[in-house]
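If you use this note's numbering, the sequence shown corresponds to residues -11 to 160, in order.
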Amino acid sequence: MAMLSFDIRVLEARAESVDGVLDTSDPVWEADDTRPVDTGVQVTGRLSAAGHGRFYLSGRLEGAAVAECRRCLSDVTVAVSEDVHMLFAASGLDDADEQDVFPIPAGERELDIRSAVREEWLLAVPAFALCRDDCQGFCATCGADRNTGACSCAPSTDPRWAGLRDLRGSDA
-11 MAMLSFDIRV LEARAESVDG VLDTSDPVWE ADDTRPVDTG VQVTGRLSAA GHGRFYLSGR
49 LEGAAVAECR RCLSDVTVAV SEDVHMLFAA SGLDDADEQD VFPIPAGERE LDIRSAVREE
109 WLLAVPAFAL CRDDCQGFCA TCGADRNTGA CSCAPSTDPR WAGLRDLRGS DA
């Protein structure tokens, strides 16, 4: 596993290739995070100086995460592949407090990108997932999983749609 920490003095002199994995057991993950599955998050790209005390990472995050199907709540593995562009700035610089700039603590000699990778990963994981495109989900009346079989509930229509149904005619 390659490191995701870089010597700032080296970065000021030359760009570095990034090719590493943020492992699922890394302490940077918090308890309620949507973690990647077994292989972790693969990070590739190029990290370079972008002016005094500033560094720019242009790269890609790849991995897979387990999410809940939004219709039937079963676990589903979703692929995550995202281009990322991250700016890191030393504390004390004007842009270090900007929302999309990752601060580098004062006096640091190493640029550790793990927290930034974690944050970008969490933003890249889809908020909604489906186990399959034709997932039927649960019956809103009895709660039966309609993927495993039909329930005995009668179809209900909302009376507020009656006017539209009348416009469509009796063939609907």
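We treat Cβ as the ideally placed atom computed from N, Cα and C, and that holds for glycine.
Quick caveat: nothing in here was measured; it's all calculated off a predicted structure.
- Message: With distance defined between alpha-carbon atoms, name the residue in 147, 146, 145, 130 nearest to residue 139.
- Response: One-based indexing of the sequence shown puts residue 139 at position 151. Looking at the Cα atoms, 130 is the closest of the given residues.
- Item | Boundaries (first-last residue) of the beta strand (DSSP E) holding residue 5 | As a position in the sequence shown, residue 5 is number 17, starting the count at 1. Element bounds for residue 5: 4 to 10.
- Message: Using the three-state DSSP reduction, which class does residue -4 fall into: helix, strand or coil?
- Response: Your numbering for residue -4 matches position 8 in the sequence shown. Here residue -4 carries a helix assignment [DSSP, helix/strand/coil].
- Item | Spatial distance of residue 58 from residue 118 (CA atoms) | In the sequence shown, the residue the question calls residue 58 occupies position 70. In the sequence shown, the residue the question calls residue 118 occupies position 130. Computed Cα separation, rounded: 6 Å.
- Under 7 Å Cβ to Cβ from residue 47, same chain only, skipping five residues before and after it: list those, please. The residue labelled residue 47 in the question sits at position 59 within the sequence shown. Result list for residue 47: 6, 31, 32, 33, 34, 72, in chain order.
- Query: My guess is that residue 102 and residue 10 are in contact by the Cβ rule of under 8 Å, so how many angstroms apart are they, rounded?
  - Reply: For the purposes of this step, residue 102 is identified with residue 114 of the sequence shown, where counting begins at 1. For the purposes of this step, residue 10 is identified with residue 22 of the sequence shown, where counting begins at 1. Right, the Cβ-Cβ distance comes to about 6 Å (below 8 Å), so this counts as a contact.
- Task: Below 8 Å on the Cβ atoms is my guess for residue 109 versus residue 45; work out the distance and round it to an integer in Å.
- Result: The residue labelled residue 109 in the question sits at position 121 within the sequence shown. The residue labelled residue 45 in the question sits at position 57 within the sequence shown. Not really, about 14 Å apart at Cβ, beyond 8 Å.
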